[in-house]
Amino acid sequence: MLTNVSGVIFDLDGTLVDSMWMWHDIDKEFLNQYNIELPDDLQGKIEGMSFDETANYFKERFQLKESIKEIQDIWNNMAWNKYATQVPLKEGVIDFLDHLKDNSIPCGIASSNSKELINLIVEKYNISSYFKTIRNSNEVPKGKPSPDIYLLVAKELEVAPGNCLVFEDVLQGVLGGKNANMKVCNVYDEHSLRDIDKLRRVADYHIRSYHDIMSGSFENLQYVI
């Protein structure tokens, strides 16, 4: 998997940390405050959007009176304790990051989450030294599946896009990495199972945990559910 790879780019939620369950709960709790039931299509609609794009989508779709910043502040406050106390790293992350560091392969984070929550996770697990650059989608013109954030991180890693490997859990993220002309490994997350057939077709590799890479048991086109 790492053949001809000179840089590795990670998404955060569902990829480095097991947190996708939490955002479903937060969306539900947030909308309940307005007596709005969580729409079945919401997760698919906002997947890959930047934090700004997601807040703007909520404001327009649900006709919220709060400003974009006020909505984001509410989400950050709701998420803070969960990230601090309930969100674990994905299995095998540290071992794989150590492997990349030992082989002098620079890494970056390309996330749709807020800077505040990204920094909370990075500091909580003391993993900042593994990453040369950490960016979120608010810092580029368009969120995923646009290639913008991947291209920005690749530029800061000083690695050509074709020599980058992206790790993503959701379809819009995988598509964004492919749109950037990068190899993409899909990281298993149960919240992405609705797109499993598309993920199998689009991603180059699939893993259930980062231990799969270390053991050489990753699958080129599919993983077993």
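First residue of the sequence shown? That's 113 in our numbering, and the numbers climb one at a time after it. Beta carbons are placed, not taken as given, at the ideal position from N, Cα and C, and that holds for glycine. Bear in mind the structure is a predicted one, so any value in this text is a computation, not a measurement.
| Query | Result |
| --- | --- |
| Excluding the 5 residues preceding and the 5 following D281 in the sequence, name in chain order all residues of the same chain whose CB lies nearer than 6 Å to its CB. | G126, T127, V299, D301 and S304 |
| By a C-beta neighbour count over all protein chains shown, 10 Å radius and 16 as the cutoff for buried, is N147 buried or exposed? | exposed |
| Cutting at 8 Å between CB atoms, please list the residues of its own chain near I186, excluding the five before and the five after it. | F142 and E178 |
| Should the stretch 264-277 be called in touch with the stretch 114-134, which here means at least 3 C-beta pairs below 8 Å? | yes |
| Does the ligand FAD have a heavy atom nearer than 7 Å to the CB of M161? | The ligand FAD is not among the ligands present in this structure, which contains no ligands whatsoever. |
| Which residue marks the beginning of the alpha helix (DSSP H) containing G220, and which one marks its end? | First-last for G220: C219 to S223, but that is the beta strand (DSSP E), not the alpha helix (DSSP H). |
| Residues bridged to F243 by DSSP? | C219 |
| Grab me the residues of L263's own chain with a C-beta within less than 7 Å of its C-beta, minus the 5 sequence neighbours each way, in chain order. | P273 and A292 |
| Per DSSP, what kind of secondary structure is Q334 in: helix, strand or coil? | Any reading at Q334 is ruled out, since the residue's pLDDT is 46, under 50, leaving its predicted position unreliable. |
| Return the bridge partner residues of V205 from the DSSP annotation. | V205 pairs with nothing; no bridge assigned. |
| Just the Cα atoms here: how many angstroms apart are V336 and V205? | Residue confidence for V336 is low, a pLDDT of 43 falling below 50, so the modelled location carries little weight; the figure read from the coordinates is stated next. Rounded to the nearest angstrom, the two C-alpha atoms are 20 Å apart. |
| What ranges does the beta strand (DSSP E) occupy inside the stretch 291-325, keeping only unbroken runs of at least 3 residues that lie completely in it? | 295-299 and 317-319 |
| If you follow the alpha helix (DSSP H) that I261 is in, where does it begin and where does it stop? | D260 to L269 |
| Can you tell me which of the three DSSP states V282 falls into? | coil |
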